[in-house]
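Read through the structure below, which is laid out as structure tokens, and then see the notes.
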Amino acid sequence: MKTVHSRPSPSWGRRLDYMVDIYFCPRIAEQIFHRYTDKYVTACPVVVFPPGIAARHVRKTKPLLFMSILSVASAGFCTLDQQRQFAFEARNFLTDIAIFKGEKSLELIQSLLVVSFWYRAPENYARTNQNQLASLALSIGIDLGLDRIEESKSADRIDDMWNRAEAQRAWLGCFLLCASLSLIMRRPNPIMWTPRFEEYIDNLKQSRLSATDAFLGELLTTEHFCHVADKEMFLSDPSRSVTLLEPNTLSNIEGLQNRVEGLHLSQHNLLEKSLIEFGRLVSSLYAHELALHINHNIDEFKAPFSANSLKSSRFVEAQAPSRVYFSMIQTIIMAAQGLLDTFIGLSTSDMLALPPHIYAGRVIYAVILLMKLHKALSACLGTLGQIISVDQLRLEAYVERLLLISKNLNAEDGGSSLSRAFLIMPQLNEWLRGHISKSTFGLDEASVEQETRSEYCAGPSVPRAANGADIVQSLLAARDEQIQTRPGHSKLVSDLGSQHDHPSLQDRDPVKEVQTFSRELASDSWFWEFFNVDMLH
1 MKTVHSRPSP SWGRRLDYMV DIYFCPRIAE QIFHRYTDKY VTACPVVVFP
51 PGIAARHVRK TKPLLFMSIL SVASAGFCTL DQQRQFAFEA RNFLTDIAIF
101 KGEKSLELIQ SLLVVSFWYR APENYARTNQ NQLASLALSI GIDLGLDRIE
151 ESKSADRIDD MWNRAEAQRA WLGCFLLCAS LSLIMRRPNP IMWTPRFEEY
201 IDNLKQSRLS ATDAFLGELL TTEHFCHVAD KEMFLSDPSR SVTLLEPNTL
251 SNIEGLQNRV EGLHLSQHNL LEKSLIEFGR LVSSLYAHEL ALHINHNIDE
301 FKAPFSANSL KSSRFVEAQA PSRVYFSMIQ TIIMAAQGLL DTFIGLSTSD
351 MLALPPHIYA GRVIYAVILL MKLHKALSAC LGTLGQIISV DQLRLEAYVE
401 RLLLISKNLN AEDGGSSLSR AFLIMPQLNE WLRGHISKST FGLDEASVEQ
451 ETRSEYCAGP SVPRAANGAD IVQSLLAARD EQIQTRPGHS KLVSDLGSQH
501 DHPSLQDRDP VKEVQTFSRE LASDSWFWEF FNVDMLH
């Protein structure tokens, strides 16, 4: 790995100090720094510090990184307008010295990772440049040789060990950032998984330089599982596809599911367990997503989500009723519900410390999958409709809970990209209510019949079983067996109220509560970059 000096050059060092001092006094800056180390690092430990390090020391030795931390963690310490402006200036500062001045350093990569993982919502979505920042961090990392760090000859020195660990974390962070962004938007992943990543993870765990390194390794492992599913099921490749009829498909899905379930969580604290579980469940969703496909319609599963995401719902009719297919649908339901339960179980402050695109993006992805299933099961007159009812999805309860979470997040930090992303929930709720109303009064029977004919004919040619009653009994037995062996990620949404800081759903109308604040905040259109939903048209 090349060694590049990380101290600021005189040409921009004074400018950086001046910019920070305009917005924050030393006392406030120190408080913001400690918020980052206490909350943000515990949620995604790609850029960490030795225990007890002073804020003033970081400002002196890593001023770019210090500025970046202030730009993402300063909510509540200044006005929303000041916060947005400082975040905008910080990103511009980083790109200016990286692109126009051509500087390269580990500190610059760390700074780009911080402002990308906790990307702050700009005033206008046209200014959104998260993907460009991620690509810039990756490019500099390759130039500095972070992808081929060799064992240091002076590895017994603590300073050298820490520097090496920082570089390894940065490269792992580049994978986590670029891979998660590419998968949610179904774009080619610019950084492939190699044995080097496993080597770095093992080195960090063995060195024990940071208490969070083992947790970081698990986050990388679950993200890797997501991309194994992507690679094997061609979830991001419009030119290639597989079907459930191909001999290797089901064995690949089963093998990946076994790897996902093999992760051990005993050594981690409660928050780490929750976030690793979140990663396991989203891996399972990606692995089984193929069960909801018709003619490789992967565009319906990518962000930005839109009305097109719910276009095709006749995937049930396109498959022969079987224990295998039922098991896949049941796994999707259980994983989506488990993922939502895990997220809902977090406190508001823990949510706001999460990387928004990873967690908000995948929460909404899980909701979209449940909505596709809700639409499919509402119109399904076949075998699966006799086994799974729409009530089992508990979709209305999840949407209502997320409406309240959206309100709490925006009240706490209206500039967070996570908060902005959940402004989609009123639209999703309105679509769901409209769909339920139409289904109740039978207003879309003609369209259901037409869609069934067209999509079933376009689907795979699968022989139908002769004895429907036997199939129903077989699938009912399979359902009971699966529920017993996989406890469905436990609690109903209605039972979660006592575990979090979110208000009870009883005697409240979340739609009315959210209408006012969502109307006020809708002018900030950042969330359309990833979560563009126009469900009403």
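In UniProt numbering, the protein residues as written are 1 to 537. Here a beta-carbon is modelled for each residue, glycine too, at the ideal position from N, C-alpha and C.
Nonlocal neighbours in the same chain, by C-beta distance under 6 Å from I109, ignoring five residues either side: Non-local beta-carbon contacts of I109 in its own chain, meaning distances under 6 Å to residues more than five positions away in sequence, involve A137, I140, G141 and A170 in chain order.
Can you have a look at M192 and say buried or exposed, based on whether 16 or more other CB atoms are within 10 angstroms of its CB? exposed
Going by beta-carbon coordinates alone, are residue 543 and S180 separated by less than 9 Å? What the structure shows of the chain is the stretch from 1 to 537, and residue 543 is not part of that stretch, so it cannot be assessed.
Could you check the C-alpha separation between L339 and R157 for me, to the nearest Å? 42 Å
Quick one: residues in its chain with C-beta nearer than 8 Å to the C-beta of L16, no 5 flanking neighbours on either side, listed in chain order? Cβ neighbours of L16 beyond the five flanking positions: P8, P63, L64, M67 and F93.
Compute the Euclidean distance between the alpha carbons of H366 and G434, then round it to the nearest angstrom. According to the sequence shown, residue 366 is Ala rather than His. Each residue's Cα considered, the two are about 20 Å apart.
Helix, strand or coil for R394 per DSSP? coil
Please list the segments of the alpha helix (DSSP H) lying wholly inside the segment 336 to 367, counting only runs of 4 or more residues, in order along the chain. 348 to 352
Among H268, F197 and L290, which one has its Cα closest to the Cα of E150? F197
Through-space distance from S389 to L172, alpha-carbon basis: 42 Å
Buried or exposed for T37, please, with buried defined as at least 16 other CB atoms from any protein chain shown within 10 angstroms of its CB. Buried, since its Cβ has 16 or more Cβ neighbours within 10 Å.
Nearest to N410 by CA position, among S251, A43 and L352, is which residue? L352
Just the C-alpha distance for D147 and E199, rounded to the nearest angstrom, thanks. Distance between the alpha carbons of D147 and E199 is about 11 Å.
For the 8 Å Cβ check, are there 3 or more pairs between the segment 275 to 293 and the segment 207 to 225? yes
Return helix, strand or coil for E449, following the three-state DSSP convention. Only weak support exists for where E449 lies, its pLDDT of 41 falling under 50; the value from the coordinates is given anyway. Reduced to three states, the DSSP call for E449 is helix.
Looking at S309 and A360, is the spacing between their C-beta atoms short of 9 Å? no
DSSP on V472, reduced to helix/strand/coil? With a pLDDT of 49 at V472, under the threshold of 50, the modelled position of this residue cannot be trusted; read the value that follows with caution. In the structure shown, the three-state DSSP call for V472 is helix.
Would you kindly check if the distance between the Cβ of L106 and the Cβ of A55 is under 9 Å? Here A55 is not near L106, since their CB atoms are 9 Å or more apart.
Is the CB of S236 under 9 Å away from at least one CB in chain B? Looking at the structure shown, chain B is missing, and only one protein chain is on hand.
May I ask you to report which of helix, strand or coil DSSP gives A29? In the three-state reduction of the DSSP assignment, A29 falls in the helix class, which pools H, G and I.
Under DSSP, the alpha helix (DSSP H) around W171 begins and ends at which residues? I158 to I184
Boundaries of the alpha helix (DSSP H) in which N295 is found, first to last residue: N295 -> no alpha helix (DSSP H), and no H or E assigned at all.
Whole angstroms is fine: what's the gap from D213's alpha carbon to E261's? 21 Å
If residue 540 sits next to A229, beta carbons under 8 Å apart, how far is it from one beta carbon to the other, in whole angstroms? There is simply no residue 540 to check, as the chain begins at 1 and stops at 537 in what is shown.
Roughly how far, in whole angstroms, is the beta-carbon of S283 from the beta-carbon of E300, given that I think they are within contact range, below 8 Å? Contact doesn't hold; Cβ gap of about 20 Å is too wide.
Can you check whether the CB of A73 is closer than 9 Å to the CB of S419? no
In whole angstroms, what is the alpha-carbon distance linking N252 and R187? 22 Å
What does DSSP give as the partner residue(s) for A75 in the beta ladder? According to DSSP, A75 bridges with C78.
To the nearest angstrom, report how far apart S406 and S116 are at their CA atoms. 22 Å
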